[in-house]
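Participant:
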Amino acid sequence: MTIPAERPVPSREDSARHSPGEAPLPLLFLIGDTGGGHRSAAQAVAQALGHAYPGRFAPVIHDALRGPGAPLMLRWQTALYGPGIRLTPWLWGLLFRGFSSPRVLRWYQQTLFRPVNRSVARAVAAHRPVVIAAFHGFTAGPAVRARDRTVPGAPVVTVITDLASAHLAWRDPAVDRIVAPSAQVARSCAEDGMPEGHYLEIGLPVAAEFASAPAVEVERLALRRSLGLAGRPFLVVLTGGAEGSGGLYRRAAAVLRHLDDVEVAVICGRNRVLQRRLGRLAARADGRLVVRGFVSNMADWLRCADVVVGKAGPSTIAEATCCAAPLVLTSCVPGNEDGNADMVVSVGAGRYAPRLRDLVAEVDRLRRDPAALAAMRAASASLRRPEAAAEIASLLALLAGVPGPVAGGGSAPAAQPFGHLSPGLPGYRPSRQVGSAGARPAA
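Just add 139 to wherever you are in the sequence shown, counting from 1, and you've got our numbering.
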């Protein structure tokens with residue numbers, strides 16, 4: 140699902156149980172299109188809100204770093220992320236670790252990244268949200284400051300979209316709640332001195348299409364036919380996230396060269412140069428290589444794969460494990476992807492193979508050992524958190540003062556997963572009272 144910036148996210152059920160005289164409550168989701176994970180997480184939560192609370196909320200996804208309203212210098216800085224992690228990942232790692240110092244981070248936020256404050260403030264003033272959710276670490280602090288000036292009382296929630304490690308910018312204690320994607324990140328929040336209840340370990344939100352039950356063999360074969368694949372007995376799907384990073388060309392070529400009965404599909408994201416290069420390789424691969432750009436049916440590709448190969452990106456791991464796909468991880472972005480591969484390997488859901496010969500050997504081993512492949516698939520399924528988006532949606536609704544979704548179409552609200560977050564807790568500041576439909580916080 141693609142959602143235009145600066146427009147309320149629609150739901151196909153908008154009119155199902157929505158009173159005509161009741162205005163939907165505005166929510167503001169702040170992202171930065173540095174990689175695709177921030178936007179996809181925000182879209183997943185918006186989708187879950189539309190499903191559970193039809194017509195009740197009007198979430199707007201605002202790219203505060205690269206969107207049309209962002210200052211030119213800010214857009215220029217953040218546009219370097221994609222080329223940076225592809226061409227000079229070591230430099231990105233140095234910057235990431237350098238800005239992990241509180242003093243250096245504070246300097247950076249007050250100088251080079253100061254325009255984020257202006258970008259976020261404009262969005263808050265334009266939409267006057269009842270809840271603000273920051274899906275990018277560098278938007279959390281600016282969201283709190285803009286809230287205090289424009290919509291005092293509106294809760295600010297940070298939804299961390301890194302997986303095993305989270306930069307200091309994500310863990311700003313000034314927000315009202317922090318959603319942690321893993322036990323590792325929750326532990327970092329605790330070590331920062333945050334009180335229990337200020338951070339919640341929920342998981343990384345993924346879209347509803349990834350949340351269905353993992354496919355069995357007959358379903359995987361049917362999916363492959365629907366995707367136009369050749370039907371060879373073993374399918375390797377390579378993905379490098381939205382930026383198409385991780386040396387996908389070399390890895391695809393190595394698998395094709397050494398394993399002649401394996402079919403390879405490469406999802407290039409928005410990396411058009413990679414897509415063109417692989418297209419030329421596909422022309423001489425005897426039908427064993429399928430190349431796609433940015434796809435809207437990624438769940439189908441993951442669900443039908445025998446093995447998913449790629450860098451240890453948080454969204455790739457979260458989506459692949461929801462589909463119970465075995466993983467062979469080949470690289471990681473230094474800093475924000477540290478620990479992701481260890482998380483996967485430690486439970487047996489995948490292997491780490493940074494060298495080409497390691498990758499070829501691992502794929503060869505798995506195609507020859509169905510029992511090992513099945514064990515890896517089961518371990519991958521053990522990491523799945525398909526309910527994360529729905530739980531975050533419930534949290535945002537609770538903070539907005541909206542009763543829980545109706546269960547089974549009845550008249551009574553369904554049980555809230557966050558009933559312990561009562562108005563008596565520090566940081567719980569509902570922007571409207573239950574029963575005052577459509578009310579907004581005072582300016």
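Cβ atoms here follow ideal geometry from the backbone N, Cα and C, with glycine treated the same way.
Since the structure is predicted, the reported quantities are computational estimates derived from the model, not experimental observations.
Could you pull the start and end residues of the beta strand (DSSP E) that D202 belongs to?
Facilitator: Here the beta strand (DSSP E) through D202 covers F196 to D202.
Participant: Can you say whether E356 is buried or exposed, counting buried as having 16 or more other CB atoms within 10 angstroms of its CB?
Facilitator: That one is exposed.
Participant: Report all residues from its chain with a CB closer than 6 Å to the CB of A520; omit the five preceding and five following residues, and keep chain order.
Facilitator: So the qualifying residues of the chain are P353 and A463.
Participant: State the CB to CB distance for the pair N479 and L302, rounded to an integer number of angstroms; the pair is presumed to be in contact (CB under 8 Å).
Facilitator: N479 to L302, Cβ: 5 Å. Contact.
Participant: Under 8 Å, do G449 and G379 count as touching if we go by C-beta distance?
Facilitator: Cβ atoms of G449 and G379: closer than 8 Å.
Participant: Could you say which of A319, G386, D315 and V502 lies nearest to D400 if we only look at CA atoms?
Facilitator: It is V502.
Participant: So, is N436 buried or exposed, given that buried needs 16 or more other C-beta atoms within 10 angstroms?
Facilitator: So N436 counts as exposed.
Participant: Pick helix, strand or coil for H306, following the three-state DSSP scheme.
Facilitator: Coil at H306, not helix or strand.
Participant: Let me confirm a value: G452 is counted as buried when at least 16 other C-beta atoms fall within 10 Å, else exposed. Which label applies?
Facilitator: It counts as buried.
Participant: Given a threshold of 16 other Cβ atoms within 10 Å of its Cβ, counted over all protein chains shown, does D315 qualify as buried or as exposed?
Facilitator: Buried.
Participant: Just how far apart, CA to CA, sit A325 and E340?
Facilitator: Going by the C-alpha atoms only, they are around 6 Å apart.
Participant: Along the beta strand (DSSP E) that carries F106, what are the first and last residues, could you check?
Facilitator: Residue 106 lies beyond the stretch modelled for the chain, which goes from 140 to 582, so this question has no answer here.
Participant: What does DSSP give as the partner residues of A388 in its beta bridges?
Facilitator: The question names Ala, but residue 388 is Tyr in the sequence shown. Answer is none; Y388 lacks a bridge partner.
Participant: With a cut-off of 8 Å on the beta carbons, I'd call G194 and P163 a contact; round off their distance for me.
Facilitator: G194 to P163, Cβ: 6 Å. Contact.
Participant: Check each candidate in V434, A391 and L413 and name the one with the smallest Cα separation from A424.
Facilitator: Per the Cα distances, A391.
Participant: State the DSSP-derived secondary structure class of T297, mapped to helix, strand or coil.
Facilitator: Correct three-state label for T297: strand.
Participant: Consult DSSP for L417 and reduce its assignment to one of helix, strand or coil.
Facilitator: DSSP places L417 in helix when its eight states are reduced to three.
Participant: Taking only the alpha-carbon atoms, compute the straight-line gap between G408 and R416 and give it to the nearest angstrom.
Facilitator: Distance between the alpha carbons of G408 and R416: 14 Å.
Participant: From V394 to G206, what distance separates their C-alpha atoms?
Facilitator: Spanning the two alpha carbons is a distance of roughly 38 Å.
Participant: Just to confirm, are C461 and A350 a CB contact at a threshold of 8 Å?
Facilitator: For C461 and A350, yes; Cβs fall inside 8 Å.
Participant: What would DSSP say about E476, mapped onto helix, strand or coil?
Facilitator: Reduced to three states, the DSSP call for E476 is coil.
Participant: With a CB to CB cut of under 8 Å and the five nearest residues on each side skipped, what residues in its chain are close to L498?
Facilitator: Result list for L498: R390, A393, V394, V448, V467, T469 and A492, in chain order.
Participant: Three or more beta-carbon pairs under 8 Å between the segment 197 to 211 and the segment 284 to 291, yes or no?
Facilitator: Verdict: no, contact absent.
Participant: Alpha carbon to alpha carbon, how far is F252 from L213? Give it in angstroms, no decimals.
Facilitator: C-alpha separation (whole angstroms): 7 Å.
Participant: Put A319 into one of helix, strand or coil per three-state DSSP.
Facilitator: Strand.
Participant: Our contact map puts A404 next to V376 with C-beta atoms below 8 Å; I'd like the distance itself, whole angstroms only.
Facilitator: Going by Cβ atoms, the distance from A404 to V376 rounds to 5 Å, so yes, they are a contact pair.
Participant: If you count every other CB in all the chains shown that lies within 10 Å of the CB of L538, and 16 or more means buried, which is it?
Facilitator: Label assigned to L538: buried.
Participant: CA-CA distance, V374 and T455?
Facilitator: For clarity, residue 374 is Leu in the given sequence; the question names Val instead. Answer to the nearest angstrom: the Cα atoms are 17 Å apart.
Participant: Return helix, strand or coil for I341, following the three-state DSSP convention.
Facilitator: I341: coil per DSSP, three-state reduction.
Participant: Does the beta carbon of G176 sit closer than 8 Å to a beta carbon anywhere in chain D?
Facilitator: Absent from the structure: chain D. Only one protein chain is present.
Participant: Could you tell me whether the segment 172 to 180 touches the segment 508 to 520, using the rule of 3 or more Cβ pairs below 8 Å?
Facilitator: Touching, no.
Participant: Hey, would you say V239 sits closer than 8 Å to L169, going by beta carbons?
Facilitator: Looking at the sequence itself, residue 239 is Ser, so the reference to Val does not match. For S239 and L169, no; Cβs fall outside 8 Å.
Participant: Could you give the first and the last residue of the continuous beta strand (DSSP E) run that contains P222?
Facilitator: From DSSP, P222 is part of no beta strand (DSSP E) but of the alpha helix (DSSP H) over Y220 to L226.
Participant: Given G548, which residues of its chain have a CB within under 6 Å of its CB, disregarding the five upstream and five downstream residues?
Facilitator: Its pLDDT being 43, under 50, G548 is placed unreliably by the model, and the measurement read from it follows with that caveat. Correct list: empty, nothing qualifies.
Participant: Within the segment 486 to 535, note down every full beta strand (DSSP E) run reaching 3 residues or more, in order along the chain.
Facilitator: With a minimum length of 3 residues, the continuous beta strand (DSSP E) runs that stay inside the segment 486 to 535 are 489 to 491.
Participant: With a floor of 3 residues, list each beta strand (DSSP E) that falls wholly inside the segment 226 to 298, ordered by position along the chain.
Facilitator: Counting only runs of 3 or more, we get 270 to 273 and 295 to 298.
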